[in-house]
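**Student:** This is the structure, below, for whatever I ask next.
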Amino acid sequence: QVRLVESGGGLVQPGGSLRLSCAASGSIFSIGTMAWYRQAPGKQRESVATITRSGSTNYADSVKGRFTISRDNAKNTVYPQMNSLKPEETAVYYCYAAATIGASWGRGTQVTVSS
-16 QVRLVESGGG
-6 LVQPGGSLRL
4 SCAASGSIFS
14 IGTMAWYRQA
24 PGKQRESVAT
34 ITRSGSTNYA
44 DSVKGRFTIS
54 RDNAKNTVYP
64 QMNSLKPEET
74 AVYYCYAAAT
84 IGASWGRGTQ
94 VTVSS
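The numbering of the sequence shown is my numbering, which starts it at -16 and goes up by one.
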């Protein structure tokens, strides 16, 4: 079992920045790719950014150039740095981990982009 706990959400003004974190615990040796998803009210959950254990990254087109995902394998933590945030990016942001024992999701952290 892998447990994921997100933190760092909150209220930020349009154009502002926010750094989230996701700490993994449990069967961490089995974790491969980690990712961040988001779900806005009334919309489907969508992938924001992914990072493999070796550090290869992939981003949704809508966040390329503004978001950066990084990973500290020693701390079992993954961080998305989100810059130039837009009001339409208000959503619950979820951490995801793909492990050999199965996939895990965090409970999410709310990010609100508003003036």
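Glycine included, each C-beta is placed from N, C-alpha and C at the ideal position.
#1: Give me the residue from 58, 24 and 30 with the minimum Cα distance to residue 45.
#2: Take the Cβ of residue 71 as the centre, count every other Cβ of all protein chains shown within 10 Å, and call the residue buried at 16 or more, exposed below.
#3: When the Cα atoms are used, what is the spatial distance from residue 42 to residue 53?
#4: How many Å lie between residue 74 and residue 61 at the Cα?
#5: Could you name the residues of the same chain whose beta carbon sits closer than 8 Å to that of residue 4, not counting the 5 residues immediately before and after it, in chain order?
**Tutor:** The structure says:
#1: Across the set 58, 24 and 30, the C-alpha of 30 shows the shortest separation from the C-alpha of residue 45.
#2: exposed
#3: Spanning the two alpha carbons is a distance of roughly 12 Å.
#4: 19 Å
#5: -11, -10, -9, 60, 61 and 62
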